[in-house]
Amino acid sequence: MLPPRDLLAPIDTFPRRHTGDNAAETAAMLKLLGARSLDALVDSAVPPAIRRGPLDLPAALGESAALAELRGIAAQNQVFRSAIGLGYYDTVTPAVIQRTILENPGWYTAYTPYQAEISQGRLEALLNFQTMVIDLTGLEIANASMLDEGTAAAEAMMMCHRLKEGDASAHRQFFVSSACHPQTIDIVRTRAKPLGIEVLVGDHRTYQPDARCFGVLVQYPDTTGSVHDFEAFFAAAHAAGAFTIVATDLLALTLLRPPGEFGADVAVGSAQRFGVPLGFGGPHAGFLATRDTYKRQMPGRLVGVSKDAQGDPALRLALGTREQHIRRDKATSNICTAQVLLAVMASMYAIYHGPAGLHRIARRTKLLTDLLAKGLIAAGAKVNAEPVFDTLTIGNVAAQRVHAAAAAKRFNLRRIDDYTVGVSLDETTTLDDVRTLLTFFNESADLGTPLALMSESDTVFAAPHARTSAFLTASVFNRHHTEHELLRYIKRLEAKDLSLCHSMISLGSCTMKLNAASEMAPISWPEFNRLHPFAPAEQTRGYQRLFRDLETWLAEITGFAAVSLQPNAGSQGEYAGLLAIRGFHESRGEGHRNICLIPTSAHGTNPASAAMGGFKVIPVACDTNGNIDVADLKAKAETHAQNLAALMVTYPSTHGVFEPGIKDICAAVHQHGGQVYMDGANMNAQVGLTSPGHIGADVCHLNLHKTFCIPHGGGGPGVGPIGVAPHLVPFLPGHVLSENRKSGTSRANGAVSAAPHGSASILMISWMYIRMMGPDGLTQATKVAILNANYVAKRLESFFPVLYRGNAGLIAHECIVDLRAWKKHGLEVDDAAKRLMDYGYHAPTMSFPVPGTFMIEPTESESKVELDRFCDALISIHGEMQAVVNGESDKVNNPLKHAPHTAKAVCADDWPHPYTRELAVFPSAFARTAKFWPSVGRVDNVYGDRNLVCSCVGMEAYA
Numbered sequence: 001m002l003p004p005r006d007l008l009a010p011i012d013t014f015p016r017r018h019t020g021d022n023a024a025e026t027a028a029m030l031k032l033l034g035a036r037s038l039d040a041l042v043d044s045a046v047p048p049a050i051r052r053g054p055l056d057l058p059a060a061l062g063e064s065a066a067l068a069e070l071r072g073i074a075a076q077n078q079v080f081r082s083a084i085g086l087g088y089y090d091t092v093t094p095a096v097i098q099r100t101i102l103e104n105p106g107w108y109t110a111y112t113p114y115q116a117e118i119s120q121g122r123l124e125a126l127l128n129f130q131t132m133v134i135d136l137t138g139l140e141i142a143n144a145s146m147l148d149e150g151t152a153a154a155e156a157m158m159m160c161h162r163l164k165e166g167d168a169s170a171h172r173q174f175f176v177s178s179a180c181h182p183q184t185i186d187i188v189r190t191r192a193k194p195l196g197i198e199v200l201v202g203d204h205r206t207y208q209p210d211a212r213c214f215g216v217l218v219q220y221p222d223t224t225g226s227v228h229d230f231e232a233f234f235a236a237a238h239a240a241g242a243f244t245i246v247a248t249d250l251l252a253l254t255l256l257r258p259p260g261e262f263g264a265d266v267a268v269g270s271a272q273r274f275g276v277p278l279g280f281g282g283p284h285a286g287f288l289a290t291r292d293t294y295k296r297q298m299p300g301r302l303v304g305v306s307k308d309a310q311g312d313p314a315l316r317l318a319l320g321t322r323e324q325h326i327r328r329d330k331a332t333s334n335i336c337t338a339q340v341l342l343a344v345m346a347s348m349y350a351i352y353h354g355p356a357g358l359h360r361i362a363r364r365t366k367l368l369t370d371l372l373a374k375g376l377i378a379a380g381a382k383v384n385a386e387p388v389f390d391t392l393t394i395g396n397v398a399a400q401r402v403h404a405a406a407a408a409k410r411f412n413l414r415r416i417d418d419y420t421v422g423v424s425l426d427e428t429t430t431l432d433d434v435r436t437l438l439t440f441f442n443e444s445a446d447l448g449t450p451l452a453l454m455s456e457s458d459t460v461f462a463a464p465h466a467r468t469s470a471f472l473t474a475s476v477f478n479r480h481h482t483e484h485e486l487l488r489y490i491k492r493l494e495a496k497d498l499s500l501c502h503s504m505i506s507l508g509s510c511t512m513k514l515n516a517a518s519e520m521a522p523i524s525w526p527e528f529n530r531l532h533p534f535a536p537a538e539q540t541r542g543y544q545r546l547f548r549d550l551e552t553w554l555a556e557i558t559g560f561a562a563v564s565l566q567p568n569a570g571s572q573g574e575y576a577g578l579l580a581i582r583g584f585h586e587s588r589g590e591g592h593r594n595i596c597l598i599p600t601s602a603h604g605t606n607p608a609s610a611a612m613g614g615f616k617v618i619p620v621a622c623d624t625n626g627n628i629d630v631a632d633l634k635a636k637a638e639t640h641a642q643n644l645a646a647l648m649v650t651y652p653s654t655h656g657v658f659e660p661g662i663k664d665i666c667a668a669v670h671q672h673g674g675q676v677y678m679d680g681a682n683m684n685a686q687v688g689l690t691s692p693g694h695i696g697a698d699v700c701h702l703n704l705h706k707t708f709c710i711p712h713g714g715g716g717p718g719v720g721p722i723g724v725a726p727h728l729v730p731f732l733p734g735h736v737l738s739e740n741r742k743s744g745t746s747r748a749n750g751a752v753s754a755a756p757h758g759s760a761s762i763l764m765i766s767w768m769y770i771r772m773m774g775p776d777g778l779t780q781a782t783k784v785a786i787l788n789a790n791y792v793a794k795r796l797e798s799f800f801p802v803l804y805r806g807n808a809g810l811i812a813h814e815c816i817v818d819l820r821a822w823k824k825h826g827l828e829v830d831d832a833a834k835r836l837m838d839y840g841y842h843a844p845t846m847s848f849p850v851p852g853t854f855m856i857e858p859t860e861s862e863s864k865v866e867l868d869r870f871c872d873a874l875i876s877i878h879g880e881m882q883a884v885v886n887g888e889s890d891k892v893n894n895p896l897k898h899a900p901h902t903a904k905a906v907c908a909d910d911w912p913h914p915y916t917r918e919l920a921v922f923p924s925a926f927a928r929t930a931k932f933w934p935s936v937g938r939v940d941n942v943y944g945d946r947n948l949v950c951s952c953v954g955m956e957a958y959a
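In the UniProt record's numbering, the protein residues as written are 1 to 959.
Following this line, the structure appears as structure tokens:
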């Protein structure tokens, strides 16, 4: 019974909600491990040389108190009507999409669809997204989303450069129209510099492409709002051997001639205005579409149609050989994540409105823009001479007075110069808004009778700009226009996906921990999600406070001097960190340092990021215990001392152990003039116990979508901020449009993300996590993560050997269990992975970093009950494997080889298996009481890659 004093403590304390084990369960696990206490276990597992003192963070708040504090911070933001444009627009998120996708853990807690059989819902939604982009751009293939428009443009540039690889010396120039969005130009320049690409910015109407140019990039409509005909320019570019890229707007393309019809090789952009809130810049789903010929060089993920074991259509990620985990430094990109949750929202927005609905929204927007233009001209202002869709650049005005008048009515307009103002309209704009906007330029201006000013030509474009081709003709875009129909479609897809709503997801290095409801609630607050990323600083004080808090807290946790929140994915954080190292060397006159040492066990993003940063990758061997081979590292550091730039290292190691020699490793690199980059994928095993800065690293990226509770969203969004030592602070990412802000200004490096603070609107998730956990709760979470991992390893070690161990035979927060011995009996790790689905579980990380293994990470959020259920499932699968070895089960016709088993298969009249239907689908008590049914049988990946179909039109034809 609690004493009276304890009864007065807050009821809603959070650490006990976040960590899965109570005192009795913890004691039982410690007993199995032979440890006298949790602290004793951690002291044995973590080398004493790297331990740090307690965290200096604010004390924990209860859930309601933390939400109240964040409400006060949010209230410091001022939500003005935005007419700034620059690629970001206000939009109406249909309530059915907000409630059943954005705010639904069935969608936001699922993992990347690597296990296709239990990811069919997300895969179908992403296939719809690809189809939407293909149709609207007029190109032949599109990926399953990018991080944002600016990075999509930079990826397109790099893709075109790769396509010219054979004669790259003759093609080093890339032309960018000066009428592209400034943040896009900034990112393109950032990406080009380390690769030795010369970026030429100018007017496409006067630029003449020649043999030095490998690609051109234009904006359509451009950043001023004007619509140009690029057909002749693209013909000239093609004649010179250059590729053509268009940054475009999906809503405008419902009225405008698609880029694929006037010679574009690639189209990029953002799907933000398709129902995804502004969110101060993100997260949003970018896109990239291209011609089928270039599909193997296309960056990002690609969903394709294949068939399952029963011959029925089934989806999966296609052409995986392009990705970094296979190609490493030769990969098409370092991006291993996308913006899945946001791409799903955008696709559902298109489905909800359908082609006719989108066309109406676009015509309405254009009509209001043309009405505003007529009113401005009548008032004496100068507007675009070219056709426009939603944006006007207005000259011959007193800009300061106009902005003051707009601010008085709580409107933001684009600031251009003293005599020029930009105005962008969107689907939320009304006729009354147009009247109000007009008064900012002339108080006495009046539209008069709007109907008298309207004509059909104001709602469409004339040739050659007019769209004449159909779009979104697939049935999925034409039958879910009522809320009932869309709701049911969304729920049908959700039911096909296994998420944390169903069971633990034990993916090593991916940290699928609790995404608490109190952490998630603020993402829907309008004070956060309706701000434009380039709103004036005085309107964003709440965000500025949020950023200061997070930067300060993360700097304390990592032991660094400063943190940048701009990178909007772990891959972007890696890249930004390497650019900081590169900038540091260049500032010292040592720009020749280009060697990056990377252990062979590293994540594939590491060598891919290094290659993007212009570094040459030199692999470092690992020893038989899975640790970095220190002798090999020192030898290579000495050999390359004159050119050594960096070491990329993950800690604890990718093999799941705290390497005791990590400080010596860092010192050896520093001795030869290099910098130490730490991959923060496993930071959740460090928090409160040690830190990258304490260990000796110079820079580290964090995966806020791992350690700090931002959910994976089915494969995105993510946030990948970087922390740096004092000497690297000047080389954090900058941003061309953030010079009026208090943070992120005056940097030596350019932008890595389109918005100054990346995916700002989900940072409050991590803010809430840290604020509710406090220093003690965060440290306890790390300790429990180590306990849970060691408990799982202990329970499984008699069945599947644990490959690597550290101090005292213990592991860190994850373990690698070995299934390679079963291969000689015809059983693969993939068979065990698929069979886990029948037990109701997602497989652990498979065949990484060691082929034929599982990397298991239970996280601190799972209870002993759930850990035991998962272990029992794997032990039962071991028994099924042993039955094959013993001859008790057929070598080919057994539950493992035919897993997963679908309801369709088990209910069929024909059951061609010697084992029972019950064993197939109800192999455990948990499976019987909480059955998750895979919607398709085992997917044939090879067939899908040989018969590539990447749109839902193709899937409907297949079906």
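The C-beta atom is built at its ideal place from N, Cα and C for all residues, glycine as well.
Best match in the options for proximity to residue i [C-alpha to C-alpha]
i, options, result
"M773", "A576, G202, E519 and Y839", "E519"
"N412", "L437, Y419 and D418", "L437"
"Q675", "L579, D90, C952 and V383", "L579"
"F854", "Y915, D818 and S455", "D818"
"P15", "R530, S861 and Y804", "S861"
Residue i - containing beta strand (DSSP E), residue span
i, result
"L546", "That residue, L546, is in no beta strand (DSSP E); its alpha helix (DSSP H) goes R541 to T558."
"K307", "V303 to K307"
"Y220", "C213 to Y220"
Host alpha helix (DSSP H) of residue i (start-end)
i, result
"I185", "P182 to A192"
"T151", "E149 to L163"
"I811", "Counting along the chain, I811 falls outside any alpha helix (DSSP H), and DSSP gives it neither H nor E."
"L357", "Note that residue 357 corresponds to Gly in the displayed sequence, not to Leu. Taken as a continuous stretch (DSSP letters only), the alpha helix (DSSP H) holding G357 covers V340 to A378."
"Y106", "The amino acid occupying residue 106 in the given sequence is Gly; Tyr does not appear at that position. Here the alpha helix (DSSP H) through G106 covers P105 to Y108."
"L392", "Here L392 belongs to no alpha helix (DSSP H); instead the beta strand (DSSP E) covers T391 to I394."
Sheet register partners of residue i (DSSP bridge)
i, result
"L678", "Here residue 678 is Met; the residue named in the question, Leu, does not match the sequence. Paired residue(s): V649 and C700."
"Q173", "E198 and C213"
"R316", "G304"
"P599", "V620"
"S270", "D249 and G286"
"S119", "D497"
"M855", "I816 and T845"
"Y88", "G85"
"K382", "G395"
"R415", "V421"
Residue i burial status per 10 Å Cβ neighbour count (16 or more: buried)
i, result
"I11", "exposed"
"R835", "buried"
"I490", "buried"
"G744", "Caution applies to G744, whose pLDDT of 41 falls short of 50 and renders its modelled position unreliable; the model cannot decide the point."
"V942", "exposed"
"N478", "exposed"
"G591", "exposed"
"H825", "exposed"
"A24", "exposed"
"A959", "Any answer about A959 is weak, because its pLDDT of 47 lies below 50 and its placement is not dependable; what the coordinates show is given next. By the neighbour-count rule (16 or more Cβ atoms within 10 Å), A959 is not buried but exposed."
"K742", "Since pLDDT at K742 reaches only 42, below the 50 mark, its modelled position is unreliable, and no value is offered."
Nearest-angstrom Cβ-Cβ length linking residue i and residue j, presumed shorter than 8 Å
i, j, result
"N606", "E638", "Between E638 and N606 the Cβ distance is about 22 Å, and since that is not below 8 Å, they are no contact."
"L82", "A537", "Before going further, note that residue 82 is Ser rather than Leu in the sequence given. Between A537 and S82 the Cβ distance is about 15 Å, and since that is not below 8 Å, they are no contact."
"G286", "V268", "7 Å"
Residue i: CB within 7 Å of a non-hydrogen atom of the ligand GDP
i, result
"I141", "No copy of the ligand GDP appears in this structure; indeed no ligand is present at all."
C-beta neighbour in chain D for residue i, strict 8 Å
i, result
"A537", "You won't find chain D in this structure, because it holds only one protein chain."
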